[in-house]
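According to the working numbering, the sequence shown is numbered sequentially starting from 20. To start, the structure itself, in structure tokens.
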Amino acid sequence: MNKYYIETYGCQMNEADSEIVCGILENQGLTRTDLLEEADLILLNTCSVREKPEQKIYSRLGKINKILSKGKNPKIGVIGCMAQNFKGEIFKKNSIVNFVLGPDSYRKLPEIIKTHKKHVIYTDLSKTEVYEELFPSRNSGMNAWITIMRGCDKFCTYCIVPFTRGRERSKSIEGVLKEIENSANKGFIEITLLGQNVNSYNYKGKNFTDLLNEIVKNKKIKRIRYVSPHPQDVTEELLKLHRDHYPKLANHIHLPLQSGSDNVLKAMNRNYTQKHYLSLVKKIREYVPNMSITTDMIVGFPGETKEDFKETLRVMKEVKFDTSFMFKYSPRPYSRAYKMKDDVNEEEKSKRLSEMIELQKEHTLFRNEEYVGKEVEIIVEGFSKKSQSEMMGRTSSNKIVIFPVIDNFGEIIKKKTIIRKTIISTKGVTLFAK
Ligand code: SAH
Ligand code: SF4
Ligand code: F3S
20 MNKYYIETYG
30 CQMNEADSEI
40 VCGILENQGL
50 TRTDLLEEAD
60 LILLNTCSVR
70 EKPEQKIYSR
80 LGKINKILSK
90 GKNPKIGVIG
100 CMAQNFKGEI
110 FKKNSIVNFV
120 LGPDSYRKLP
130 EIIKTHKKHV
140 IYTDLSKTEV
150 YEELFPSRNS
160 GMNAWITIMR
170 GCDKFCTYCI
180 VPFTRGRERS
190 KSIEGVLKEI
200 ENSANKGFIE
210 ITLLGQNVNS
220 YNYKGKNFTD
230 LLNEIVKNKK
240 IKRIRYVSPH
250 PQDVTEELLK
260 LHRDHYPKLA
270 NHIHLPLQSG
280 SDNVLKAMNR
290 NYTQKHYLSL
300 VKKIREYVPN
310 MSITTDMIVG
320 FPGETKEDFK
330 ETLRVMKEVK
340 FDTSFMFKYS
350 PRPYSRAYKM
360 KDDVNEEEKS
370 KRLSEMIELQ
380 KEHTLFRNEE
390 YVGKEVEIIV
400 EGFSKKSQSE
410 MMGRTSSNKI
420 VIFPVIDNFG
430 EIIKKKTIIR
440 KTIISTKGVT
450 LFAK
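In structure tokens:
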């Protein structure tokens, strides 16, 4: 076995897990290929958070089958959250799949690539697995994903993640710092700390801010981000750190609201009320006035009335999020809400979603217009997607900025440098500088 091919779906945790998987495979002497046709091993790292991404995987497997029928006969594995969710069922639905590995079973890969068995499955969830000493394989890019904790104990009633990822557990402070140092030595200047509830980090009594206090000391790292924090665990101590370490600690917080209605929040088991969330936003703005706040929203949760939805829009208008990921509720097996009646019909869900998206567009424009005329610090990431005469970079607040490749002194701007620019205009989610 020489070459492997991998596709990753779902959240950043899955992106980070794929890097661990690549690390394990490369330690076994395999090399990565971007050509499916030449691979001896094909992996799909999958997501189960909503029904749509699951359907995508089944149709992808169908397509892969067609491509392969002409040539090689590689080993095919479904790994990640769908593997955990569907286990052996995947073999029944897809005859081309040879192995199924849940998110805590990646250490089994060396055994799997050697075995001649037709079907192999490992889906035990672990209370301790954090892939502590395995260094992920990451060669390019700006930003290194650093997983600091795994799993979720929050059990929001709509969510499958506690079932696919198991219980919360954290990496040691020492392990995290070592991984960051390692990434810095490979040239990464930005890191994103990852966890399903990243700020619930707890290693032998050391919490998220204890960890951040250590990380900010690393001089080679220029910017530190984290996703996703749970509103329940956003402390004043964390906000003080944002204030004291701006712009190195990114002035951006992704704070999933899900719904603005107290009835729905309660039914979702989100552990906070509208009032608590709004006072948290107020506190954030007191400590860091220009903090960008982004969110996740669900429309059409069981029992969500028109009034509930209006409440949500009202909260959105009050906060004016910088951006938002907005989803229609999708019933998930195992979750508590699965037993509730999915009583907001598809048409109504779509209507609410488009209304929400329109409102969010207004807010994104409002927030971005606040930047026009102001100078910002940008880390340069590379050429813009559209043209080689323009570059793109990101502000500490995670805004994408497009600017000319030649600076005001006639010099070419280099990737991974930190520059200061004045914003002249904005369109969609993008800022433009001169
Ligand atoms: N741990 C993170 C997010 C996990 S999933 C957090 O709590 O913030 C990412 C997002 O998917 C969630 O924030 C939620 O908005 C959405 N989501 C999760 N389950 C869903 C479901 N059953 N239907 C629709 N959206 C869902
Ligand atoms: Fe899912 Fe809630 Fe856990 Fe986020 S906090 S992963 S939404 S159960
Ligand atoms: Fe999807 Fe699993 Fe992430 S369900 S959102 S890939 S934790």
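Note that beta-carbon positions come from the ideal geometry of N, C-alpha and C, so glycine has one too. Remember, predicted model here, so these are calculated numbers, not experimental data.
Beta-ladder partner(s) of Gly2, from DSSP: Outside the displayed span of the chain (20 to 453) sits residue 2, for which this structure offers no information.
Collapsed DSSP secondary structure at Met168 in the structure displayed: Your numbering for residue 168 matches position 149 in the sequence shown. Of the three classes helix, strand and coil, the one that applies to Met168 here is strand, per DSSP.
Which residues in the same chain have their Cβ closer than 7 angstroms to the Cβ of Gly319, if we skip the five residues on either side of it in sequence? Against the sequence shown, residue 319 aligns to sequence position 300. Within the same chain, Gly319 has close Cβ partners Lys347, Tyr348, Val363, Glu367, Lys368, Arg371.
For Leu54, count neighbouring C-beta atoms within 10 Å of its own C-beta (all shown protein chains included) and say buried if the count is 16 or more, exposed if not. Looking up residue 54 in the sequence shown gives position 35. Classification for Leu54: exposed.
Can you tell me whether Gly48 is buried or exposed? The criterion is at least 16 other CB atoms within 10 Å of its CB, across all chains shown. Residue 48 sits at position 29 when you count from the first residue of the sequence shown. Counting Cβ neighbours within 10 Å, Gly48 comes out exposed, since fewer than 16 surround it.
Who are the Cβ neighbours of Tyr291 in its own chain at under 7 angstroms, not counting the five residues just before and after it? Looking up residue 291 in the sequence shown gives position 272. The answer, listed in chain order, is Pro250, Gln251, Leu284.
When you compare each of Asn104, Gln103, Phe118 to Phe110 by their alpha carbons, which one comes out closest? For this step, residue 110 is matched to residue 91 along the sequence shown. That would be Phe118, whose Cα lies nearest to the Cα of Phe110.
Per DSSP, what kind of secondary structure is Lys71 in: helix, strand or coil? Position 52 of the sequence shown, counting from 1, holds the residue named residue 71. Helix, per DSSP.
Check this for me: beta carbons of Thr183 and Pro122, under 9 angstroms apart or not? Within the sequence shown, the letter at position 164 stands for residue 183. Within the sequence shown, the letter at position 103 stands for residue 122. Against a cut-off of 9 angstroms, the Cβ pair of Pro122 and Thr183 comes out as a contact.
Could you check where the alpha helix (DSSP H) with Pro181 kicks off and where it finishes? For the purposes of this step, residue 181 is taken as the residue at position 162 of the sequence shown. Here the alpha helix (DSSP H) through Pro181 covers 180–184.
Comparing the CB of Gln215 with every heavy atom of ligand 2, is any distance shorter than 8 angstroms? Taking the sequence shown and counting its residues from 1, the one referred to as residue 215 is at position 196. Yes, the beta carbon of Gln215 sits closer than 8 angstroms to at least one heavy atom of ligand 2.
Does the beta-carbon distance from Leu87 to Ala102 come in below 9 angstroms? By 1-based counting over the sequence shown, the position of residue 87 is 68. By 1-based counting over the sequence shown, the position of residue 102 is 83. Their beta carbons are not under 9 angstroms apart, which means Leu87 does not touch Ala102 by this criterion.
Own chain residues within Cβ distance below 8 angstroms of Ser403, not counting five before or after: Looking up residue 403 in the sequence shown gives position 384. For Ser403, where only same-chain residues beyond five positions count, the Cβ hits under 8 angstroms are Glu409, Met410, Met411, Ile421.
At least three beta-carbon pairs within less than 8 angstroms, the region 22–38 to the region 60–73: yes
Would you check if the distance between the CB atom of Leu257 and the CB atom of Ile234 is smaller than 9 angstroms? One-based indexing of the sequence shown puts residue 257 at position 238. One-based indexing of the sequence shown puts residue 234 at position 215. The answer is no: Cβ separation not under 9 angstroms.
Whole angstroms is fine: what's the gap from Val338's alpha carbon to Glu198's? Position 319 of the sequence shown, counted from the start, is the residue given in the question as residue 338. Position 179 of the sequence shown, counted from the start, is the residue given in the question as residue 198. Approximately 36 angstroms, taken between the alpha carbons.
Here's the rule: buried if 16 or more other CB atoms are within 10 angstroms of the residue's CB, otherwise exposed. What is His135? One-based indexing of the sequence shown puts residue 135 at position 116. So His135 ends up on the exposed side.
Can you check which of these residues, Pro275, Met287, Asn270, is closest to Glu305 by C-alpha distance? Here residue 305 refers to the residue found at position 286 of the sequence shown. Checking every option, the nearest Cα to that of Glu305 belongs to Asn270.
For the alpha helix (DSSP H) containing Ser369, name the first residue and the last one. Residue mapping note: residue 369 aligns to position 350 of the sequence shown, counting from 1. That run of the alpha helix (DSSP H) goes 365–388.
Whole angstroms are fine: how far does the CA of Ile419 sit from the CA of Thr9? Nothing in the structure corresponds to residue 9, since the chain is present only between 20 and 453.
Would you mind reading off the limits of the beta strand (DSSP E) that contains Asp315? Stepping through the sequence shown from its first residue, residue 315 is reached at position 296. Per DSSP, Asp315 belongs to the beta strand (DSSP E) from 311–318.
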